[in-house]
Amino acid sequence: MTNANALNNEEHLESPLREAVEAVRAEQVPDEVLQRAIVRALDIPSVSVAPPERSRHRGRWVPRRWLGFAVGTAAVVMVAFIWHLGNRSVLADVVKAVSNKTWLHAQGQGPNGVAIEMWYSPKHRIIAMRQGRKEVAETLFANVGQDTIEFYKKDGAGNPLLSRLPIDKDQRKQFSSGESTLNSLFFGRPLQGAAAEELEITGHTEQTIHDGDDIFIEHRFTTRVAENKQPTETVLRVDPETELPVAWESKIGKTRVFSCRVDFPATGPQTIYALGIPRDVEVLDQTPSPDQERILAALKTGRTEFDSYRAVVVESNSADHHANGSLVYQVWRQGLKWRVEQLRQPVRLGQGPHADEVPEGEEPRSWWLERGYEWEKMPESVSDGTQEIRLEKIKVQPRQPDPSNPRYILIVSYKPVATNTFRPRTTDPRPRDYRIMPEFHAYPFLFGAGIWGFQINVDAHPTEGPPRTVLVDSRKKSPSKLPGRIRGARYWVDPSRGYVVQQTQWLKTGQADQSRGGRVEMEELAVSPSGLWYPRVVRELQNSVNLDDGTTNDTFLRFYVDFEAEIPDELFDVNNWGPIE
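Per the working numbering: the sequence shown = residues 19 to 599.
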């Protein structure tokens with residue numbers, strides 16, 4: 019019996035985020051809800067990818083984001099707390115009072131009572147924030163005007179590290195949205211860009227509040243962010259004498275996001291060191307070299323501009339046959355739209371063995387593409403260009419064999435169990451089932467690019483790997499010492515073939531760089547009609563485990579791609595995702 023172990027993604031999280039996940043789980047929050055919360059709360063677009071998932075069962079991968087930016091994202095982007103321009107007269111006096119202030123400072127508590135502090139200056143275009151106790155606080159300092167981000171934290175071993183990165187194009191959009199929101203809320207400026215598209219006012223109330231001997235004017239806004247189903251409630255408490263906000267609180271549904279005191283000092287932090295970061299801390303400059311930028315751009319182009327296609331994908335553990343007990347999928351893709359289906363051959367009881375070999379004399383590509391039209395289709399995931407849904411098979415209870423294929427349990431229906439809503443103007447989303455899409459093997463997201471604590475080097479003349487390639491080596495500065503943890507990845511990129519990745523290797527703690535395990539090789543390449551290279555055969559070395567004796571086998575993915583197939587629009591309907599014949 020051969021099976022494969024999906025990664026336990028939580029093991030690869032840094033300690034604070036792992037603790038947060040465990041705390042949320044203690045409240046019996048469903049995994050898929052937790053996944054969406056992590057993605058949205060920590061959503062700074064970055065170029066990163068998960069290690070290759072084991073065959074048979076592909077586990078969910080939680081994106082590695084900057085935990086230190088969580089509070090800032092919650093306070094700046096995720097929380098909808100602005101009003102339409104027509105309602106600005108409600109706070110006209112407040113806007114007038116703060117319009118000439120140089121700095122906004124907020125300090126208080128975030129989720130689970132964690133200490134948070136934020137600084138923002140529209141004049142200097144600086145956003146700074148930190149969370150946690152002072153001695154272990156994670157700190158972010160973004161100088162938007164200079165396009166730089168600095169992020170300070172301690173690794174799993176307690177070693178402090180300050181990473182310095184440029185603000186990339188996608189991050190710049192995020193910061194611009196955050197700036198626009200803060201400028202509108204506190205400085206009375208028009209809402210612009212993505213913030214104007216994502217945020218919607220749904221209600222406003224005003225009342226006088228007595229807190230002991232103090233009197234405040236409380237403004238309570240109910241708003242909604244485009245991708246959030248639950249409304250956001252934001253409360254600004256204003257001192258009627260100074261007409262300045264003194265408190266700021268926000269919650270989504272019944273969950274408090276933060277509660278802060280607010281003031282407007284004349285000065286603020288001009289560098290990250292002003293926030294208490296030791297000046298002798300090690301600095302890791304992660305500014306990409308020109309070679310890195312060129313490779314990253316080429317890989318993104320390959321992913322995002324790949325031709326529309328239909329493909330049948332056959333996954334097996336043998337090099338000398340095409341199926342025989344393998345998994346078979348059908349993939350449809352058209353730009354940001356895709357659909358992934360598992361295929362099963364209908365076999366009636368009493369009709370003999372399950373046959374999924376290519377008959378002698380048949381051309382494999384044509385034969386398999388025809389099976390994609392004939393065999394039973396079980397939807398796995400669907401994207402309509404704005405969101406992706408993942409589907410779960412609902413099996414009959416008590417379980418019984420499927421009359422059309424007695425090797426499987428009878429499936430009675432499907433239900434969506436996860437939704438990933440893309441941000442406006444997203445051009446490079448990651449499909450859930452990217453592993454069985456050929457373009458994501460040829461042009462993958464680079465592990466660690468743009469993420470704190472990774473060092474990436476480009477070797478133009480590697481001593482190993484396929485000919486004509488350059489080696490991109492990405493490693494954690496301070497990897498976990500626990501055996502089996504991912505510590506980096508290596509990519510052999512072929513500039514002579516449009517920067518297609520010919521080979522990938524995942525590096526694990528306790529495993530030599532030259533180990534066969536973790537290697538992914540493109541065994542056969544082809545060219546799409548638009549001139550982009552893609553694999554016909556991918557070999558994942560030592561990727562599946564025999565549960566009987568513990569031995570490992572290689573996994574083969576064979577891609578039979580049809581670039582001329584008719585692709586009906588109804589394939590990508592996320593509201594009607596059932597099997598389409």
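We put the beta carbon where it would ideally sit given N, CA and C, even for glycine. Bear in mind that the values here come from a model prediction, so they are computed numbers and not experimental data.
Determine the DSSP secondary structure at residue i, reduced to helix, strand or coil.
{"i": "P513", "result": "helix"}
{"i": "S548", "result": "coil"}
{"i": "L500", "result": "coil"}
{"i": "L409", "result": "strand"}
{"i": "W266", "result": "strand"}
{"i": "P308", "result": "helix"}
{"i": "D420", "result": "strand"}
{"i": "D587", "result": "helix"}
{"i": "I313", "result": "helix"}
{"i": "V376", "result": "coil"}
{"i": "R571", "result": "The sequence given here has Asn at residue 571, not Arg. Residue state, collapsed to three classes: strand."}
{"i": "I185", "result": "coil"}
{"i": "V579", "result": "strand"}
{"i": "P397", "result": "strand"}
{"i": "Q360", "result": "strand"}
{"i": "D298", "result": "coil"}
{"i": "Q560", "result": "strand"}
{"i": "S33", "result": "Residue confidence for S33 is low, a pLDDT of 38 falling below 50, so the modelled location carries little weight and cannot support an answer."}
{"i": "Q529", "result": "coil"}
{"i": "R82", "result": "Unreliable placement is indicated for R82, whose pLDDT of 30 sits below 50; the coordinate value is still reported in the next sentence. Coil."}
{"i": "T285", "result": "coil"}
Across which residues does DSSP place residue i in a beta bridge pair?
{"i": "P484", "result": "Looking at the DSSP assignment, P484 forms no beta bridge with any residue, so it has no partner."}
{"i": "L489", "result": "D477 and W510"}
{"i": "G403", "result": "In DSSP, G403 forms no bridge with anything."}
{"i": "I454", "result": "Answer by DSSP bridge pairing: none, since I454 is not bridged."}
{"i": "W595", "result": "For W595, which the question treats as bridged, DSSP gives no partner whatsoever."}
{"i": "S277", "result": "Q127 and E267"}
{"i": "Y432", "result": "K411"}
{"i": "P553", "result": "L543"}
{"i": "P178", "result": "K172"}
{"i": "V256", "result": "I235 and P263"}
{"i": "K494", "result": "F472"}
{"i": "R537", "result": "Q523"}
{"i": "T18", "result": "Here the chain comprises residues numbered 19 to 599, so residue 18 is not present and cannot be evaluated."}
{"i": "T120", "result": "Looking at the DSSP assignment, T120 forms no beta bridge with any residue, so it has no partner."}
With a cut-off of 8 Å, does the C-beta of residue i fall near any C-beta of chain C?
{"i": "L345", "result": "In the structure shown, chain C cannot be found, because there is only a single protein chain."}
What are the start and end residues of the beta strand (DSSP E) that includes residue i?
{"i": "Y291", "result": "Careful: Y291 lies outside any beta strand (DSSP E) and carries neither H nor E."}
{"i": "T444", "result": "T444 -> no beta strand (DSSP E), and no H or E assigned at all."}
{"i": "K526", "result": "V518 to K526"}
{"i": "Y461", "result": "Careful: Y461 lies outside any beta strand (DSSP E) and carries neither H nor E."}
{"i": "D303", "result": "V301 to D303"}
Need the endpoints of the alpha helix (DSSP H) that residue i sits in, please.
{"i": "R389", "result": "P382 to E392"}
Sorry if obvious, but does the Cβ on residue i come closer than 7 Å to a heavy atom of the ligand GDP?
{"i": "T522", "result": "Summarising the ligand content, the structure contains no ligands, and the ligand GDP is consequently not present."}
Taking residue i and residue j to be in contact with their CB atoms under 8 Å, please state how far apart those CB atoms are, rounded to whole angstroms.
{"i": "L525", "j": "G506", "result": "4 Å"}
{"i": "P462", "j": "T527", "result": "With a Cβ gap of about 22 Å, P462 and T527 do not count as contacting."}
{"i": "D572", "j": "L387", "result": "So it is not a contact: roughly 25 Å between Cβ atoms."}
{"i": "R602", "j": "D491", "result": "Residue coverage of the chain in this structure runs from 19 to 599, which leaves residue 602 outside it and unanswerable."}
{"i": "C278", "j": "Q520", "result": "Contact flag wrong, Cβ pair sits at about 51 Å."}
{"i": "V332", "j": "R576", "result": "5 Å"}
{"i": "A329", "j": "F574", "result": "No, A329 and F574 are not in contact; Cβ-Cβ is about 15 Å, not under 8 Å."}
| Complete runs of the beta strand (DSSP E) confined to the region 317-356 [at least 3 residues] | Fully enclosed beta strand (DSSP E) runs of 3 or longer: 327-334 and 345-352.
| said: Ignoring anything shorter than 3 residues, give me the beta strand (DSSP E) runs that lie fully in the region 126-176, in order along the chain. | reply: Whole beta strand (DSSP E) segments, 3+ residues: 133-139, 144-149, 156-161 and 166-172.
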